[in-house]
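2 protein chains.
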Amino acid sequence: MTGVSQATVSLVLNNRTGDDVRIAPETRQRVLDAIRATGYVADPVARRLVSGRNRILGVFTYEPVFPATAADFYHPFLVGIEQRAEQLGCDLLLFTSHAESRRIFHADSRIGIADGTILLGRRVDRDDLGRLVGEGHAFVSVGRRDDAGGPVPCVGADYPAAVAALLERAAALGHTRIGYLGTGGPAESHADRLRGFLAGGGAHLVHLPQPSRQWPAAIGRERLTAVFLEEHADAVDLVAALRADGREVPGDVSVVALGEPSGAGPVDETITRLRIPRREMGWQAVDQLTEAIEGGGVVQRLLPCTVHEGATLGAI
Amino acid sequence: MTGVSQATVSLVLNNRTGDDVRIAPETRQRVLDAIRATGYVADPVARRLVSGRNRILGVFTYEPVFPATAADFYHPFLVGIEQRAEQLGCDLLLFTSHAESRRIFHADSRIGIADGTILLGRRVDRDDLGRLVGEGHAFVSVGRRDDAGGPVPCVGADYPAAVAALLERAAALGHTRIGYLGTGGPAESHADRLRGFLAGGGAHLVHLPQPSRQWPAAIGRERLTAVFLEEHADAVDLVAALRADGREVPGDVSVVALGEPSGAGPVDETITRLRIPRREMGWQAVDQLTEAIEGGGVVQRLLPCTVHEGATLGAI
DNA sequence: ATCTCGCGCTAATGCGTATTAGTTGGGGAC
DNA sequence: GTCCCCAACTAATACGCATTAGCGCGAGAT
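Chains as they are written, first to last, in this note's numbering: chain A, 354 to 669; chain B, 354 to 669.
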């Protein structure tokens, strides 16, 4: 159209202006006009093949992104991810095509399309992590991970600090015998909660990993005045069980949930619980991923949690 | 590694077995073993550059996909889209990088990465539609569109039939004077509702496009016994206004909403309303898009609506 | 008039794959 | 022994762009 070479168009298109690249102003204008007129847009695929960059961020989940059940739980992460991606001019590639294997790498994995990938989910496959590192594919896990030999880049919630702070609050309210009800592992998020709990000093702390239906009895046996539960859903059940048993919450026993409702179980807003900064985590994950793509090192970032007050933590 | 050429690897990788393509079984096995051992995966970018296919479906929205407000409205569409995409082995590319322009085509649009694109949103830019057709990019609109000169491929709700069915129900309940409260345009979904309404026969039908605060008075003046409202939120307000006015719903006036709650306004499950098969629409959109990618023609598919019973439509 | 210099541009190449025409070597037919 | 044919593979090319070395030409210097 303009009579110039493909190379010139490329130079104009990318607005290249070095000392070794010179385009006469009138030529540049002519090309720009033609681009405007035709609405030409460089093929992003070919462009990626050369430059190695896309501004496409992958999002890999080990569960459906838009599920019926866990929607409420994952949604805030995605809101943060989308907001930040939009600000940075990045598109999001949702990897859904792994129904059978739930593995990142499979016969025709499209991982390579994205410049980097955000991992979302309660569990993350250990082999996948190793493979990602091996391939040199940039990634960030939402939720702390430590199961890949080395440190895994991640954005997590600072459970140890949050649980420690809650312990202090409980102590200030007069609680001296406090229980941790939950597995304490193997998921990092559970282990971190328990770690923060056991690191707390002063009070009598007891970890009760047994099945939840034994908890009411155990609470009486151990003469606990407050209990911290890994899961919100368990807290709902426990409060019901305690009250059915004639014990008052928080009059006799205070109950604190160390997690957000998962969306699968019941929700009770009156229960005092940890609030995970999920949107902020999504946001930060995008930031950290783009840094990793630019060549940044491994970063593990822990964000502070806040507390949903509720009404199940009271003075003794 | 195996001493064979790149071409051979490609042939084995793609499991090509024609009469003009012959690979000795042992060679094939040797290559497969090497692929297994190294975990080699063909670069999807280069692959796309050649074949023109990705199995990546774009999702373009004129509003954030994961918004705070409209989350509840869009979510069902996305659930359907994701489910079907997963079944078909496709990944989803969410175009978020258009904050300022809200246009599909911009300086470095990544539209071209996807094999085709689903358009989601109340409004769709007319120029964008024309451009999509011009570029030969496969696409499907969720929601009926007619503003691109020619027919636009879409999956929509069959509002005319649904509204007509509701009119019949109202007539069977004894209503003879029924009002349509809403703009009746310019959005196709609104126009379709009004069209279905006006096509209904038998009863005294009146279209009242005036501002909503004049509706209660107009209902009395026109001696209407039932009203159909474009928007659920308006129905909520109207019911409140009528009751504050001493009129009973549905005793004196029946109220029917012709749409789902948008997520932005109030929600009232007691209001009788049309139920849009949103998940099904998402599902069908993916199906239709993949057909369009395979070269199918323009299809406009309208899905039947059902009714959320509620309690605001009664006998006269 | 010849030489030099540098501006403005283009030819050529590579990215990693799919595809197709073409090449090689060995075995069977005569 | 010669010819032919076919199985089994490979060389070469295209995809559309970014990049870089280098070419041609006109103006200023000598």
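Even glycine gets a Cβ: it sits at the ideal position worked out from N, Cα and C.
Name the one or two DSSP bridge partners that residue i has.
| i | result |
| --- | --- |
| Tyr533(A) | His560(A), Phe581(A) |
| Leu447(A) | Val412(A), Leu445(B) |
| Ser607(A) | Ala579(A) |
| Arg654(B) | Val508(B) |
| Val660(A) | Leu627(A) |
Excluding the 5 residues flanking residue i on each side, which residues of the same chain have their C-beta closer than 6 Å to its C-beta?
| i | result |
| --- | --- |
| Ser565(B) | Asp587 |
| Leu577(A) | Arg530, Gly532 |
| Arg631(B) | Pro429, Phe430 |
| Gly635(A) | Phe430, Gly433, Ile434 |
| Ala515(A) | Leu627, Cys658 |
| Pro513(A) | Asp545, Arg548, Gly549 |
| Ala570(B) | none |
| Asp621(A) | Val589 |
Can the beta-carbon of residue i be found less than 7 Å from the beta-carbon of residue j?
| i | j | result |
| --- | --- | --- |
| Arg437(B) | Val651(B) | no |
| Ile624(A) | Ala610(A) | yes |
| Pro657(B) | Asp511(B) | yes |
| His543(A) | Glu583(A) | yes |
| Pro506(B) | Val495(B) | no |
| Arg456(A) | Tyr415(A) | no |
| Val394(A) | Ser462(B) | yes |
| Val606(B) | Arg600(B) | yes |
| Val608(B) | Thr665(B) | yes |
| His528(A) | Ile669(A) | yes |
| Phe413(A) | Thr470(A) | yes |
| Phe426(A) | Gly616(A) | yes |
| Trp568(A) | Leu534(A) | yes |
| Phe399(B) | Leu402(A) | Note that residue 399(B) is Ala in the sequence shown here, rather than Phe. Going by C-beta atoms, Ala399(B) is nearer than 7 Å to Leu402(A). |
Take residue i and list the residues in its own chain whose beta-carbon comes closer than 7 Å to its own, dropping the five residues that flank it on each side.
| i | result |
| --- | --- |
| Ile409(A) | Cys443, Asp444, Leu446, Ile466, Ala467, Asp468 |
| Pro336(B) | With chain B covering 354 to 669 only, the question about residue 336(B) has no answer from this structure. |
| Thr355(B) | Arg383, Val384, Ala387 |
| Val674(A) | In the structure displayed, chain A extends from 354 to 669; residue 674(A) sits before or after that span and is not available. |
| Ala517(B) | Gly549, Ala552, Gly553 |
| Gln641(A) | Val493, Pro506, Val508, Val652, Arg654 |
| Gly351(B) | With chain B represented from 354 up to 669, any question about residue 351(B) goes unanswered, as that position is not in the structure. |
| Glu633(A) | Gly433, Leu656 |
| Ile572(A) | Gly532, Val580, Val606 |
| Val357(A) | Thr380, Val384 |
| Arg406(A) | Asp468 |
| Val602(A) | Val592, Leu595, Arg596, Val608, Thr665 |
| Val362(B) | Val384 |
My assumption, with CB atoms under 8 Å, is that residue i sits in contact with residue j. Please give the rounded CB distance.
| i | j | result |
| --- | --- | --- |
| Phe458(B) | Arg484(B) | 6 Å |
| Leu526(A) | Gly667(A) | 7 Å |
| Arg479(B) | Glu541(B) | Incorrect: roughly 12 Å between the Cβ atoms, too far for contact. |
| Leu441(B) | Thr643(B) | 6 Å |
Excluding the five sequence neighbours on either side, which residues of its own chain have a C-beta within less than 8 Å of the C-beta of residue i, listed in chain order?
| i | result |
| --- | --- |
| Arg628(B) | Glu613, Cys658, Thr659, Val660, His661 |
| Phe374(B) | At residue 374(B) the sequence reads Val, which differs from the Phe that was named. Excluding sequence neighbours, Val374(B) sits near Leu364. |
| Ala460(B) | none |
| Glu575(A) | Arg530, Gly532, Val559, Leu561 |
| Ala597(A) | none |
| Thr391(A) | Met354 |
Does the Cβ of residue i lie closer than 6 Å to at least one heavy atom of the ligand HEM?
| i | result |
| --- | --- |
| Arg566(A) | This structure lacks the ligand HEM, and indeed carries no ligand of any kind. |
Task: Length at least 4, wholly inside the segment 462–500 of chain A: the alpha helix (DSSP H) runs in chain order - done: 479–488
Task: Completely contained beta strand (DSSP E) runs for the segment 499–526 of chain B, where each covers 3 or more residues - done: 507–510
TODO: Tell me the start and end of each unbroken beta strand (DSSP E) in the segment 358–416 of chain A that is at least 3 residues and wholly inside, in chain order.
DONE: 409–414
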